[in-house]
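First comes the structure, then the notes that go with it.
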Amino acid sequence: MYDAVLAETVTINGADGHAIEAYAARPLQPGPLGGVVVLHHMPGYDRGSKEIVRRFAAEGYNAVCPNLYTREAPGVDPDDAAATARSLGGVPDERLVGDVAGAAAYLRGLPNSNGNVGVIGYCSGGRQAFLAGCSLDLQAAVDCYGAFVIEPTPEGFPLRTGPIGHLSEHLSCPLLGLFGAEDQHPSPAATQELEGLLRKYGKEYEFHTFEEAGHAFFAVERPSYRPAAAVEGWKLVLDFFGRNLAGAGSTAA
8 MYDAVLAETV TINGADGHAI EAYAARPLQP GPLGGVVVLH HMPGYDRGSK EIVRRFAAEG
68 YNAVCPNLYT REAPGVDPDD AAATARSLGG VPDERLVGDV AGAAAYLRGL PNSNGNVGVI
128 GYCSGGRQAF LAGCSLDLQA AVDCYGAFVI EPTPEGFPLR TGPIGHLSEH LSCPLLGLFG
188 AEDQHPSPAA TQELEGLLRK YGKEYEFHTF EEAGHAFFAV ERPSYRPAAA VEGWKLVLDF
248 FGRNLAGAGS TAA
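Right, here's the structure in full:
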């Protein structure tokens, strides 16, 4: 099997037509292939986020990670860019939706695309993945421990975001949620509340909560990394995308 992968920095059109930096990877195969938008965690568009993009390409998907901090800190080290974004209250929800729409359009425009696009996000990106799934025509969404979907941000917290659980009614696609039992944001109580809303509106979803894991258990370079949870989490993600991104899909952004 020919398994070459192309990975590179690209420019995509985000919200309001703004050109933003993104990291893309795709198998050098004729396809048709599904696409994955990767939303980076709060620490930013870093090496770990790019590794995830390449992992999806190695698994047979076209993938792209938009640099959500391009406007605030173009070309800046990820830590500094994240600090700048935090000081401004984070990425506005409306702009995030526009950036994901641009990333989805980029993936659907690739010659080997089947038109299906999913989104996955980690930490703040998990919340944003849920938001995108409730705002855009997507075929799958994965929320990896996304905080503040249900609960408000604590007093003094740098992000200025509000709860978005009420948007569950508008979820356009199946949702996979991966959480840690020892996490506080989101807490198990918050994920249970979100599950109740999804049931209320008859949405297709599956949630998995890992014991002895807290926030950021996928992050291999952080003390929070939990290998067993991460390995099982990857299996669940790949199975979920395999079921929802195969075949011919939408051409809408």
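Taking the numbering used here, the leading residue of the sequence shown gets 8, the next gets one more, and so forth.
Note that the Cβ used here is the ideal one computed from N, Cα and C, for glycine as well.
Everything numeric in this text was worked out from a predicted model, so none of it was measured.
Q.
Just to confirm, is the Cβ distance from V12 to A70 under 7 Å?
A. no
Q) Which first and last residues belong to the alpha helix (DSSP H) in which A110 is found? A) D100 to R115
Q: Please work out which residues of its chain come closer than 6 Å, Cβ to Cβ, to D150, disregarding the five sequence neighbours upstream and downstream, and give them in chain order.
A: G133, A136, F137 and G184
Q. What's the C-alpha gap between G125 and E189?
A. 27 Å
Q.
Report the CB separation of Y265 from P193 in whole angstroms; it is logged as a contact under 8 Å.
A. Nothing about residue 265 can be read from this structure; the chain reaches only from 8 to 260.
Q. Per DSSP, R33 is paired with what?
A. L13
Q: Specify whether the segment 10-28 and the segment 105-117 touch according to this definition: at least 3 beta carbon pairs, one from each stretch, less than 8 Å apart.
A: yes
(Q) Using only the alpha-carbon positions, how far apart do A260 and A111 sit? (A) Confidence at A260 is low in this model, with a pLDDT of 45, below 50, so the placement of that residue is unreliable and no value is reported for it.
Q) Buried or exposed: G163, going by 16 or more other Cβ atoms within 10 Å of its Cβ? A) exposed
Q) Taking the Cβ atom as the reference point for each residue, do T198 and F186 lie within a distance shorter than 7 Å? A) yes
Q: With a 10 Å radius around its C-beta and 16 neighbouring C-beta atoms as the bar for buried, classify K210 as buried or exposed.
A: buried
Q | When F225, V227, A31 and A253 are compared against L114, the one with the closest alpha-carbon | A | A31
Q: Look at the alpha carbon of A201 and the alpha carbon of N123, and state the distance between them as a whole number of angstroms.
A: Reading off the sequence shown, one finds Leu at residue 201, where the question assumed Ala. So the alpha carbons of these two residues sit roughly 25 Å apart.
**Q.** For Q146, the nearest candidate out of C180, E101, A88 and E79 (CA to CA)
**A.** C180
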